[in-house]
Every structure is written in structure tokens, then in C-alpha cells.
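First up is the structure itself, then whatever we jot down about it.
In the numbering used here, the protein residues as written are 340 to 455.
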């Protein structure tokens, strides 16, 4: 990763940590990764960070399936779950592969930069 890419990922990671839709596992891994930048552990931590990002980003099909389920309706509320399904189907029809919440959007950007 070159210096420009590193700066971009650091900035996006700082944004990600502040995002209310970011899960705790990513926040913890992101903080560990930020602390490793410039250290001898940076490459290893980058691999672990990427693995966590890939594990936690929400594929649009999974979001639709969950929001359509009884558990999803309980988690979000029935009306919010229907809204999420409708919106998710709309963005999927436009080519979206992942949830477009703030956290997933940033995660997708970070992964694109890291996989460059």
C-alpha cells in the first residue's frame, strides 16, 4: 500500500469508528489497526483488519433475507423491516452488492482501496 492509499484508509477508518452503524468487532479491530500503522506489525494487522471487514460487511441478499424474516421484523420493527427490504431491493436492482448504511459504505470503500 502506498502512502496515499494508507492516508485514505486511515481517514476512512477514523470515520468508520465514529459511525453509529459500525459493529463493535470492527471498531475494536479498526482501533488496533490504527495503532499498528507505522509499526513492524502493520502488514499483519492490515491482513487481520481486512479479514474482519470482509466478515462483517453485510451483503445485500443477506440484509433482505434478514429484514424479511420474523427475527428481522422483531429486531427492526415490522414497519422498519419492510422499509429496509424495499430500499434494499431498490439498490440491489441498481447493482448494489452490500448494505448502504454508513458503516457498510465505508467498509466497501476501504476494501476497494486495500485490494486496489
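For glycine and all other residues, C-beta sits at the position ideal for the given N, C-alpha and C.
If you're wondering where the values come from, they're calculated on a predicted model, not measured in any experiment.
In the DSSP secondary-structure assignment, residue 398 is bridged to 437.
With respect to residue 371, residue 449 sits apart: the two C-beta atoms are not nearer than 8 Å. When DSSP states are grouped into helix, strand and coil, residue 427 belongs to the helix group. Contact check between the region 427–436 and the region 385–392: fewer than three CB pairs, one atom from each, fall below 8 Å, which does not count as touching. Here residue 342 is exposed, its C-beta having fewer than 16 other C-beta atoms within 10 Å.
The DSSP-derived three-state label of residue 446 is helix. Distance check between residue 425 and each of 414, 356 and 404 places 404 closest, using alpha-carbon atoms only. Inter-residue distance for residue 447 and residue 427 is about 16 Å (C-alpha atoms, whole angstroms). Cβ neighbours of residue 381 within its own chain (closer than 6 Å, five residues either side excluded): 375. The three-state secondary structure of residue 391, taken from DSSP, is helix.
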